[in-house]
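All residue numbers for the sequence shown refer to the numbering used here, where the first residue is 23 and numbers rise by one. Note that CB positions come from ideal geometry on N, CA and C, so glycine has one too. Remember, it's a predicted structure, so these values are computed and weren't measured experimentally. What follows is a set of notes on a single structure, which appears directly below.
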Amino acid sequence: MFSQQRGKALLSEYHRKKLLHHFHCLDADNSGYIGKEDAEIFAERFAKIRNAELGSDIHKDLLFKWLQIWENFWSKADVDGDGKVSPEEFCQGVEKVVSNPDYSLSQSSEVQ
Ligand SMILES: [Ca+2]
Numbered sequence: 023m024f025s026q027q028r029g030k031a032l033l034s035e036y037h038r039k040k041l042l043h044h045f046h047c048l049d050a051d052n053s054g055y056i057g058k059e060d061a062e063i064f065a066e067r068f069a070k071i072r073n074a075e076l077g078s079d080i081h082k083d084l085l086f087k088w089l090q091i092w093e094n095f096w097s098k099a100d101v102d103g104d105g106k107v108s109p110e111e112f113c114q115g116v117e118k119v120v121s122n123p124d125y126s127l128s129q130s131s132e133v134q
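Written as structure tokens, this is what we have:
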């Protein structure tokens, strides 16, 4: 779980804007939050790209994968546990990963 980390701005304004752009791309239903339903929408979109019927094996497989992404990545930034990730939580979650030396993401050195 991510814990709150206030008063520590590791990300520049530039990176924050980039992150918020990513956030809005992931907010598929434009609710202002990233949630499980956005993962479901992505699964539908990807199924359509592959001309797969909703409910087909391809769609089910995509849905499973997108829900895994939600469970294993996006939902980790849900600090207050309301089941959705706000833009602020999203930025804080990324800051947390970037500032954690135990994470060895290949791009982490660029974001400093
Ligand atoms: Ca939340």
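What separation, rounded to the nearest whole angstrom, lies between the Cα atoms of residue 85 and residue 67? Straight-line Cα distance between these residues: approximately 10 Å.
Among 62, 93, 100, 98, which has the Cα closest to the Cα of residue 82? Nearest option by C-alpha distance: 62.
With 16 other Cβ atoms within 10 Å as the buried cut-off, status of residue 57: buried
Nearer than 7 Å: is that true of the beta carbon of residue 111 relative to any heavy atom of ligand 1? A heavy atom of ligand 1 is found nearer than 7 Å to the CB of residue 111.
Over the uninterrupted alpha helix (DSSP H) stretch that includes residue 121, give me the two end residues. 109-121
Quick check: what's the CA-CA separation for residue 115 versus residue 69? 29 Å
Using a Cβ-Cβ cut-off of 6 Å (strictly less than) and excluding sequence neighbours within five positions of residue 119, which residues of its own chain qualify? 125
Sequence-distant residues of the same chain with beta carbon closer than 6 Å to residue 127, five excluded per side: Note on residue 127: pLDDT 49, under 50, position unreliable in the model; the coordinate value appears next. Leaving aside the five residues that flank residue 127 on each side, none in its chain has a CB nearer than 6 Å to its CB.
Taking one C-beta from the stretch 100-112 and one from the stretch 45-57 each time, how about it: are there three or more such pairs within less than 8 Å? A contact exists between the stretch 100-112 and the stretch 45-57.
Could I get the ranges of all uninterrupted alpha helix (DSSP H) runs contained in the stretch 56-102, with 4 residues as the minimum, in chain order? If we require 4 residues or more, the alpha helix (DSSP H) runs fully inside the stretch 56-102 come out as 58-71, 79-94.
Under the criterion of a Cβ to heavy atom distance below 7 Å, does residue 118 qualify as lining ligand 1? no
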